[in-house]
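Numbering (our numbering), first residue to last: 62 to 591.
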């Protein structure tokens with residue numbers, strides 16, 4: 062066990078040792094009585110631009126657990142946590158009659174496969190896209206004006222959609238497995254700072270090496286990772302999964318962890334046609350807003366905007382009116398807006414940053430919540446809703462994979478188009494001046510305008526009418542959920558384990574990876590390693 066000492070406010074630039082000393086003093090702990098100490102989390106408090114501080118929490122382990130409990134009972138800023146490293150336990154009694162399989166090799170599939178491989182299960186992974194190096198090559202060629210591939214793109218391939226992102230690990234879940242996932246990522250090559258930063262990120266450049274190392278670890282333990290291998294069909298017999306069809310080949314499976322990601326629309330259609338229980342769920346759509354990074358830093362730090370001791374500025378905004386939310390999502394400091402479609406003749410945007418976050422611009426999704434009340438309650442109505450938006454965008458921008466765009470000022474006046482932009486667009490395939498009302502539903506653009514007005518009163522950069530909006534942002538989360546029962550299997554098929562973002566149970570790299578770990582552990586509760 063250990064004590065977490067919270068709320069340690071110190072000037073920017075204070076050393077870790079000084080922060081730890083201040084925390085121990087605040088908790089009334091003598092440094093001589095602390096067996097081990099360290100920084101637990103550290104964040105930035107820039108609410109007062111003339112008094113920017115770091116706020117940290119520190120962990121301290123004492124020899125006597127009773128003494129730890131006594132301190133936590135007395136001090137409001139101290140809490141007791143279990144720091145025992147997570148280790149999965151095999152309790153299953155059934156012998157697998159077929160392969161233990163995983164569909165998808167994004168964060169959920171990678172961590173499910175890693176945990177299973179390390180427990181001796183020798184899983185097989187079916188990934189419809191290619192390995193990360195081949196995938197990066199194909200994506201780069203498309204961004205440079207080349208041919209689009211519906212199987213090898215920003216959404217599909219080794220590492221999943223997160224590989225072409227900022228590599229954010231922030232999450233709202235308070236699961237102790239987050240620490241396990243972070244530690245494994247560091248072991249696989251991620252920056253060590255992700256263990257302590259309140260808003261950790263890996264960066265797309267470093268993340269690509271991390272995912273390769275995870276794959277190598279799985280293979281070294283007897284697992285398989287098959288690229289360009291799409292799960293085209295599943296076979297269910299008497300309520301239990303029996304086999305999968307991959308590239309036309311039927312393969313017997315005892316368990317299938319379904320970690321296909323939020324963009325596997327053809328897989329959702331296949332599951333629906335097989336009678337797998339699914340339901341439409343809320344998500345959000347909108348556009349990417351792009352500012353100069355300097356304007357974001359000025360908005361956050363004021364006169365200190367150029368202080369290199371401060372991190373590159375980032376933000377998160379939200380506002381709700383009449384039950385509908387508008388918010389920023391997946392903010393990418395020093396990043397670029399990238400093409401992120403997974404279907405032909407569509408346009409989709411996303412944001413991406415390298416670890417250094419040293420690009421000239423910042424971008425974030427500016428999105429509005431939508432629900433089955435807006436698009437229909439049938440299972441695939443949400444898929445049809447966003448597909449229509451993406452096709453509208455393709456046509457509006459000239460059917461060339463360029464993206465429709467507008468300055469904020471023109472958008473606010475309902476004119477659309479680009480007039481006197483203050484930021485140079487980073488979208489690789491180029492932007493076309495458009496009225497975004499032709500791309501997005503009017504109730505979405507109306508709420509985006511409301512949000513821009515509210516956010517401009519909180520951050521000056523949102524009042525910049527020359528900032529750019531590039532549309533559409535439609536892949537915030539899965540439009541469907543695949544319900545799970547008490548055994549974490551699909552309600553329709555024992556042995557089918559819906560997992561991660563595509564199943565509607567995660568919302569980012571960290572939560573997806575944690576869900577992958579949990580589903581691997583569920584497999585271990587049923588089957589023993591053969």
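Note that the Cβ used here is the ideal one computed from N, Cα and C, for glycine as well. Everything numeric in this text was worked out from a predicted model, so none of it was measured.
With a minimum length of 4 residues, the unbroken runs of alpha helix (DSSP H) contained wholly in the segment 481-546 fall at 503-517. Across the set 84, 90, 210, the C-alpha of 210 shows the shortest separation from the C-alpha of residue 405. Looking at the DSSP output, residue 352 sits in a beta bridge with 423.
In this structure the segment 226-233 does not touch the segment 179-197; the number of beta carbon pairs closer than 8 Å is below three.
Going by DSSP, residue 77 is part of the alpha helix (DSSP H) stretching over 77-88.
In the DSSP assignment, residue 131 falls within the alpha helix (DSSP H) that extends over 126-135. By the Cβ neighbour-count rule, residue 525 is buried, with 16 or more other Cβ atoms within 10 Å of its own.
For residue 379, the CB contacts under 8 Å within the same chain, skipping 5 residues up- and downstream, are 386, 387, 388, 389 in chain order. The segment 393-405 and the segment 420-432 touch, with no fewer than 3 CB-CB distances between them shorter than 8 Å. DSSP places residue 313 in the strand class (E or B) of the three-state scheme. Residue nearest to residue 538 within the set 117, 572, 461, 507 is 572 (criterion: CA-CA distance).
Residue environment: residue 585 is assigned as buried (16 or more neighbouring CB atoms within 10 Å of its CB, all protein chains considered). In terms of CA proximity to residue 166, 218 leads the group 260, 218, 85.
Using a Cβ distance threshold of 7 Å, residue 580 and residue 318 count as a contacting pair. A distance below 7 Å separates the beta carbons of residue 413 and residue 225.
Within the same chain, 62, 64, 129, 130, 133 come within 7 Å of residue 141 by CB-CB distance, once the 5 residues on both sides are set aside. In the three-state reduction of the DSSP assignment, residue 333 falls in the helix class.
Nearest neighbour of residue 325 by Cα position, chosen from 542, 91, 578, 94, turns out to be 542. Residue 69 places its beta carbon less than 7 Å from that of residue 83. If you look at residue 293, you'll find it in the beta strand (DSSP E) that goes 292-298. Two segments are said to touch when three or more pairs of C-beta atoms, one from each, lie closer than 8 Å; by this definition the segment 139-154 does not touch the segment 289-303. Boundaries of the beta strand (DSSP E) harbouring residue 303: 301-307, taken from the DSSP string.
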